[in-house]
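Novice: For the protein sequence lines, the chains are E and R, in the order given.
Going by the working numbering, the first sequence opens with residue 13, and the numbers climb by one from there.
Going by the working numbering, the second sequence opens with residue 4, and the numbers climb by one from there.
Heads up, the beta-carbon is just placed ideally off N, CA and C, and yes, glycines get one too.
Bear in mind that the values here come from a model prediction, so they are computed numbers and not experimental data.
Structure provided below as structure tokens; questions to follow.
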Amino acid sequence: LSNITNTQRLTDAEIITGLQSDQQRLQDQAFRAMYLQYFALIEQFVVKNSGKADDAADVFQDGLMVLFRKARETDFALTASLKTLTYAICRNIWLMRLRKLKRETQLTEVHQETVGIAASVFTFLEDNDRNQLVARGLQSLGDDCKRVLELYYFEKTRMKTIAQLMGYTGEQVAKNKKSRCMKKLREWVLQQPEAKEMRF
Amino acid sequence: MMNRDQDQYWEEIDNFLDRRHPADALKAFEERMQQSPQLAADVNLQRSLQHGVAYGSSKALKNRLRQIHQETQGSQSKIVSMSPKRRSWQTWLSVAAVLAVAALGVIFWIQRSGIDSKALYAANYTPYALNLTQRGEELPESLARLDASYSAGDFSSAATLLDQALEADPNNASLALAKAITSWENGQSEAAQKQLESLFDHPLLKDQAYWYAGLFALQKGKIENAKSYLSEIKTDSGNLYQRAVALLEALN
């Protein structure tokens, strides 16, 4: 059994390749490796900084989503170890939660290196009115539109792959579909009475 | 603006937000934003829509991650943090309770002879290979899309397409098995189990159905159920039988 566990340990480059894959199986393999290699570190950090094990699980899952999206950006390059990047992402997420709960104190670090992360990469995690309204708009679209927008804006999938997954004849067809669907979503959101108050 | 111009306008905003502009084009775009409040407002609108779409799309991935959390962490012990300065009788009581639970866990673990069912599941599970190609015939568009989604591991798209395919061809057992796998991948384990059970009598796919039922039971830590399903795979099933035997040996 220890061999089985060992085979799931992957290098940083292998994990990133898994996250960048368009196959769910390979992505999940990378996520499993992340759990085996880095979850204990994040759990230790959260628990040492006023959190519980459940908080750590939630923070790590959100951190993996941020990492997944970052790794799939066209200009992504790993400039620090994956451990440091994961720690920095999860540390930011936990810090934001502590601030929200007004429980921010001096943090006890469990890993000394860190990297700067742009605040904008965390915005999709926020359970705010704007995000909720757009999510409702997304649900109001047809299945194809919803999926194309999810693939492009959430999973950052390339147009060529979206065309293949959706059965379109080419990249341009997928691009046109994305534009039409985004237009529909934009119009839906701007038509909602509460959109004005939210200053879209 | 013409539709095409509009598409290009928003495409350029997307490229700016996704940092796909080369350095000189980026500078020019930022200058245009400073001069045009409308462009700046549209960039903000598009940014908010992008965040909202990502927020709305993140639930499926979060569910997948929860499942992976259970698989990988289910059998591992949790970190218990205690401050020595704040020990009281309640703390000691908690420690005693934790130790009692841990002792029970160890006894259970010993009884199970060290079986890590989730690791065995992870080592054996690969999704059923759905083969829709028909010799000499091109696949209808809907089936081609299903084929592409399923083989790419895009199980959320595959779920809808499979429903449509099964509606048109309800007796297609390969589609039913693929549906079971898709339900499982999408975190709907009860639906997956029911779909597998409907194939337990199928002349060609019953072994595959028992194999996956065994693996799914393993993932849930139901070792006796897993053994019972795997034992149903008969000797003439070739490779699948060999794998079931190896798995049963590891479980016994």
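1) Let me know the secondary structure DSSP gives E/Ser-191 once reduced to three states.
2) Straight-line CA distance for E/Thr-91 to R/Gln-167?
3) List the whole-angstrom C-beta distance separating R/Leu-254 from R/Ile-236, where the pair is believed to meet the contact cut-off of C-beta under 8 Å.
4) Does R/Ser-186 come out as helix, strand or coil in the three-state DSSP assignment?
5) Within 10 angstroms of its Cβ, does E/Ala-25 collect 16 or more other Cβ (buried), or is it exposed?
6) Tell me whether R/Ala-155 sits in a helix, a strand or coil according to DSSP, three-state version.
7) Using CA coordinates, which residue listed in R/Tyr-58, R/Tyr-131, R/Asp-210 and R/Gln-222 is at the minimum distance from R/Leu-178?
8) In chain order, what residues of the same chain lie with their CB nearer than 8 Å to the CB of R/Ala-176, ignoring the 5 residues before and after it?
9) If you run the structure through DSSP and keep just helix, strand and coil, what is R/Tyr-131?
10) Suppose contacts are defined by Cβ-Cβ distances below 9 Å. Is E/Phe-7 in contact with E/Met-108 by that definition?
11) Mapping DSSP to helix, strand and coil, what is E/Phe-212?
12) Alpha carbon to alpha carbon, how far is R/Leu-180 from E/Ile-129?
13) Pick out whichever of R/Ala-161, R/Leu-169 and R/Ala-171 has its Cα sitting closest to the Cα of E/Leu-177.
14) Could you check whether E/Leu-79 and E/Thr-96 sit closer than 9 Å to each other, using their CB atoms as the reference points?
15) In chain order, what residues of the same chain have a beta carbon less than 7 Å from the beta carbon of R/Ala-43, not counting five sequence neighbours either side?
16) Are there 16 or more other CB atoms within 10 angstroms of the CB of E/Tyr-164, so buried, or fewer, so exposed?
17) Are the CB atoms of R/Ala-57 and E/Phe-88 within a distance shorter than 9 Å?
18) Of the residues that make up the region 153-178 of chain R, which ones have a beta carbon closer than 8 Å to any beta carbon in chain E?
19) Which one of R/Asn-189, R/Glu-188 and R/Pro-143 has the shortest CA to CA distance from R/Ala-171?
20) Kindly say whether E/Lys-168, judged by its beta-carbon, lies nearer than 9 Å to any beta-carbon of chain R.
21) Is the number of C-beta pairs between the region 28-46 of chain E and the region 19-35 of chain R that are closer than 8 Å three or more?
22) Note down the Cα distance separating E/Asp-67 from E/Lys-112, rounded to an integer number of angstroms.
23) CB-CB under 8 Å to E/Val-160, same chain, minus the five flanking residues each way: which ones, in chain order?
24) Check whether the Cβ atoms of R/Leu-154 and R/Leu-133 lie closer than 9 Å to each other.
25) Among R/Gly-190, R/Asn-174, R/Thr-129 and R/Asp-45, which one has its Cα closest to the Cα of R/Ile-16?
26) Is the CB-CB distance between E/Ile-54 and E/Ala-42 below 9 Å?
27) Would you say E/Tyr-99 reaches chain R, if we count a Cβ-Cβ gap shorter than 9 Å as a contact?
28) Indicate whether at least one CB of chain E lies closer than 9 Å to the CB of R/Ala-187.
29) Determine the extent of the alpha helix (DSSP H) in which E/Leu-177 is found, giving its start and end residues.
30) Can you find a C-beta in chain R that's less than 9 Å from the C-beta of E/Leu-91?
31) Is E/Leu-76 closer than 9 Å to R/Gly-59 when the C-beta atoms are compared?
32) Counting only beta-carbon separations shorter than 9 Å, does E/Glu-183 have a partner in chain R?
33) In angstroms, rounded to a whole number, what distance separates the CA positions of R/Gly-190 and R/Leu-52?
34) Distance check for R/Lys-65 and R/Arg-257, CA to CA, integer angstroms please.
Specialist: The short version:
1) Reduced to three states, the DSSP call for E/Ser-191 is helix.
2) Their Cα atoms are separated by approximately 45 Å.
3) With a beta-carbon spacing of about 13 Å, R/Leu-254 and R/Ile-236 fall beyond the 8 Å limit used to define contacts.
4) DSSP places R/Ser-186 in helix when its eight states are reduced to three.
5) Answer is exposed; the Cβ neighbour count stays below 16.
6) For R/Ala-155, the secondary structure class from DSSP, reduced to helix, strand or coil, is coil.
7) Among R/Tyr-58, R/Tyr-131, R/Asp-210 and R/Gln-222, the Cα nearest to that of R/Leu-178 is on R/Tyr-131.
8) The beta carbon of R/Ala-176 sits closer than 8 Å to those of Leu-202, His-205, Leu-207 and Leu-208, all from its chain and outside the five residues before and after it, given in chain order.
9) Assignment of R/Tyr-131 by DSSP, reduced to helix, strand and coil, places it in the coil class.
10) As displayed, chain E neither begins before 13 nor continues past 212, which places residue 7 of chain E out of reach and without an answer.
11) Coil.
12) Going from the Cα of R/Leu-180 to the Cα of E/Ile-129 covers about 43 Å.
13) If you compare the alpha carbons of R/Ala-161, R/Leu-169 and R/Ala-171 with that of E/Leu-177, the shortest gap goes to R/Ala-161.
14) No, they are not a contact pair.
15) Within the same chain, Cβ atoms closer than 7 Å to the Cβ of R/Ala-43 are found at Met-36, the five residues on either side in sequence being excluded.
16) Burial is judged here by how many other beta carbons sit within 10 angstroms of a residue's own beta carbon; E/Tyr-164 has at least 16 and is buried.
17) Taking 9 Å as the Cβ cut-off, E/Phe-88 and R/Ala-57 do not qualify as a contacting pair.
18) So the close ones are Ala-155, Gly-156, Asp-157, Phe-158, Ser-159, Ser-160 and Thr-163.
19) The option with the nearest alpha carbon to R/Ala-171 is R/Pro-143.
20) The beta-carbon of E/Lys-168 is placed less than 9 Å from the nearest beta-carbon of chain R.
21) Put simply, the region 28-46 of chain E does not touch the region 19-35 of chain R. Fewer than three CB pairs are less than 8 Å apart.
22) Rounded to whole angstroms, the gap between the alpha carbons of E/Asp-67 and E/Lys-112 is 14 Å.
23) The residues Ile-174, Met-178, Ala-186, Lys-189, Lys-190 and Cys-193, in chain order, have a CB closer than 8 Å to that of E/Val-160 in the same chain once the five nearest residues on each side in sequence are set aside.
24) Going by the sequence as given, residue 154 of chain R is Ser instead of Leu. Closer than 9 Å, so yes.
25) Taking only the C-alpha atoms, the option nearest R/Ile-16 is R/Asp-45.
26) Remark: C-beta atoms of E/Ile-54 and E/Ala-42 do not approach each other more closely than 9 Å.
27) No, E/Tyr-99 does not count as interfacial toward chain R.
28) Note on identity: in this sequence residue 187 of chain R is Trp, with Ala being the wrong assignment. No - not a single Cβ of chain E is within 9 Å of the one on R/Trp-187.
29) For E/Leu-177, the enclosing alpha helix (DSSP H) covers residues 171-178.
30) A small correction: the amino acid at residue 91 of chain E is Thr; Leu does not occupy that position in the sequence shown. It does not; no Cβ of chain R falls within 9 Å.
31) Going by C-beta atoms, R/Gly-59 is not nearer than 9 Å to E/Leu-76.
32) With its beta carbon at least 9 Å from every one in chain R, E/Glu-183 lies outside the interface.
33) R/Gly-190 and R/Leu-52: Cα-Cα distance of roughly 27 Å.
34) This structure gives no information on residue 257 of chain R, because the portion of chain R shown stretches from 4 to 255.
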